[in-house]
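Chemist: Before we start, here is the structure in question, set down as structure tokens.
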Amino acid sequence: MSSAERLSRIYGRVGLAETTADALPASGEVVIVDAGWVFDEALIRALAGRSGVAMVDDSGRVVAAHLPVGQATGAVAGDLAGLPAEIPHLSALDIGSSYNSELRKREPPVLERLTPETVDAVEKRLFKGSYKGVTDLVTKYVWPAPARVITRWCALARITPNQVTFASFLMVLAAFALFWTGQYGWGLVCAWIMTFLDTVDGKLARVTLTSSKWGNVFDHGIDLIHPPFWWWAWLVGLGSLGLSPPHAGLLLAIVVGGYVAQRVEEGIFLGLFKVEMHAWRPFDSFFRLITARRNPNLLFLTASTLVGRPDVGFILVAAWTAICFVVHASQIVQGLLTPKGGVTSWLSR
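Quick note on numbering: numbering that gives the first Met the number 0 labels position 45 of the sequence shown as 44, and the sequence is numbered without any gaps.
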């Protein structure tokens, strides 16, 4: 999309009404933004909440301002450089923040000059900015390059994030059915496609500024609910292959119960300390890479299937789930033993 279209979407999401130089209100305040730059939505939101300031890029050029109408006439007409000298000139970091609590990462907000020569670099920067900082190792290290290509294609084709999420939901059902009947090869293909689409839909929503409450519930609801059903189906499928791991019922209880228990542990930690468990310390963020969630568990199951022992993979998932439950419990205990106010995200410091 053009920078002007992107800004129009940001204004709508932030709650600002668009206007022109000849249609300024008689009183009040205006937020003026130069469409020759690409802005992070968080920057415009922060600027909208801070009156009487101008935003400058790294070279000191004024690219946006929030001013009373009486001071804004010339700026709205295109003369941002001619603002009165007494108006504070602040950088993007002075106005915004380098810490994004929603995406759990520390990264300067996007403020990039848009020219025909910089389009590709700006697209890469926007896509990078849409990625979570604390996630699993597959999402963080394997999916970014192909996900950027597919996200760009979806944006050009006007495919919506919810359509991508629906496709991933179909893959959830297909993987469940295939696991249930012991067709692990094709089931894993569907499962990995689902995990890839799960990466794409969120990035597509953020870079096109089309995220919604329903889309968020739809996406995260699928993510939260489907893993235990996959693991249950995997165990059932072993029977069709004549493979029965010892203490199968206990293993299933550990895998499914451990998954639920770990999500509860994360909720307890967040409720106690108002900080995501995996954003507390560098170790906690590292452990999120490999903790017993869907993608790391799929690595165990894929490797075991490739060597013809999907039953061993299930045993490994159960063992790793039990270990991760203990680690997460210890994180809660360590948080309780930390002096009050000491549990803060290392990414925000």
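Just so you know, even glycine gets a beta-carbon here, dropped at the ideal spot from N, CA and C.
Per DSSP, what kind of secondary structure is residue 28 in: helix, strand or coil?
Modeler: Residue 28: strand per DSSP, three-state reduction.
Chemist: Report yes if the C-beta of residue 225 is less than 7 Å from at least one heavy atom of the ligand MG; otherwise report no.
Modeler: Ligands in the displayed structure: none, and consequently the ligand MG is not present.
Chemist: Using CA coordinates, which residue listed in 264, 295, 27, 343 is at the minimum distance from residue 317?
Modeler: When each option's Cα is compared against that of residue 317, the closest is 295.
Chemist: Please state whether the Cβ-Cβ distance between residue 30 and residue 6 is less than 8 Å.
Modeler: No, the pair does not count as a contact, with Cβ atoms beyond the cut-off.
Chemist: Would you be able to state if there are at least three C-beta pairs under 8 Å between the stretch 142-151 and the stretch 191-210?
Modeler: Counting Cβ pairs under 8 Å, three or more are found: they touch.
Chemist: Distance, Cα to Cα, residue 99 vs residue 239?
Modeler: About 47 Å.
Chemist: Out of 94, 339, 290, which has the shortest C-alpha to C-alpha gap to residue 138?
Modeler: That would be 290, whose Cα lies nearest to the Cα of residue 138.
Chemist: By how many angstroms is the C-alpha of residue 81 removed from the C-alpha of residue 168?
Modeler: One C-alpha to the other measures close to 53 Å.
Chemist: Would you report the Cα separation of residue 277 and residue 332, rounded to the nearest angstrom?
Modeler: Rounded to whole angstroms, residue 277 to residue 332 spans 14 Å at the Cα level.
Chemist: Between residue 259 and the rest of its own chain, which residues show a CB-CB distance below 8 Å, the 5 nearest in sequence each way excluded?
Modeler: Excluding positions up to five away in sequence, the list reads 227.
Chemist: Just confirm the distance between the C-beta atoms of residue 207 and residue 293, as a whole number of angstroms; I'd bet it's less than 8 Å.
Modeler: About 25 Å separates the two Cβ atoms, so there is no contact after all.
Chemist: Between the stretch 318-337 and the stretch 249-264, do at least 3 Cβ pairs fall closer than 8 Å?
Modeler: Because the criterion of three Cβ pairs below 8 Å is met, the stretch 318-337 and the stretch 249-264 touch.
Chemist: Could you give the C-beta distance for residue 175 and residue 252, rounded to a whole number, given that I count them as a contact under 8 Å?
Modeler: Contact doesn't hold; Cβ gap of about 19 Å is too wide.
Chemist: Note down the Cα distance separating residue 343 from residue 274, rounded to an integer number of angstroms.
Modeler: Cα-Cα distance, rounded: 6 Å.
Chemist: Considering only residues of the same chain and omitting the five flanking positions on each side of residue 269, which have a CB-CB separation below 8 Å?
Modeler: Excluding residues within five positions, the ones whose Cβ falls inside 8 Å are 275, 276.
Chemist: Could you tell me the boundaries of the beta strand (DSSP E) in which residue 358 lies?
Modeler: With the chain covering only 0 through 348, there is no way to say anything about residue 358.
Chemist: For residue 67 versus residue 91, is the C-beta spacing smaller than 8 Å?
Modeler: No, they are not a contact pair.
Chemist: Among 64, 124, 225, which residue has its Cα nearest to the Cα of residue 170?
Modeler: Here the closest residue by C-alpha is 225.
Chemist: Kindly identify the DSSP beta-bridge partner or partners of residue 54.
Modeler: In DSSP, residue 54 forms a bridge with 63, 89.
Chemist: Sorted by chain position, which residues of the same chain lie with C-beta nearer than 7 Å to residue 47's C-beta, five sequence neighbours on each side aside?
Modeler: Excluding residues within five positions, the ones whose Cβ falls inside 7 Å are 13, 15, 30, 65.
Chemist: Checking the sheet assignment: what are the DSSP bridge partners for residue 122?
Modeler: DSSP lists no partner for residue 122.
Chemist: Note down the Cα distance separating residue 286 from residue 118, rounded to an integer number of angstroms.
Modeler: About 36 Å.
Chemist: Return helix, strand or coil for residue 103, following the three-state DSSP convention.
Modeler: In the structure shown, residue 103 sits in coil (DSSP, three-state: anything other than H, G, I, E or B).
Chemist: Going by DSSP, name the residue or residues bridged to residue 112.
Modeler: According to DSSP, residue 112 bridges with 36.
Chemist: Under 6 Å Cβ to Cβ from residue 300, same chain only, skipping five residues before and after it: list those, please.
Modeler: The answer, listed in chain order, is 312.
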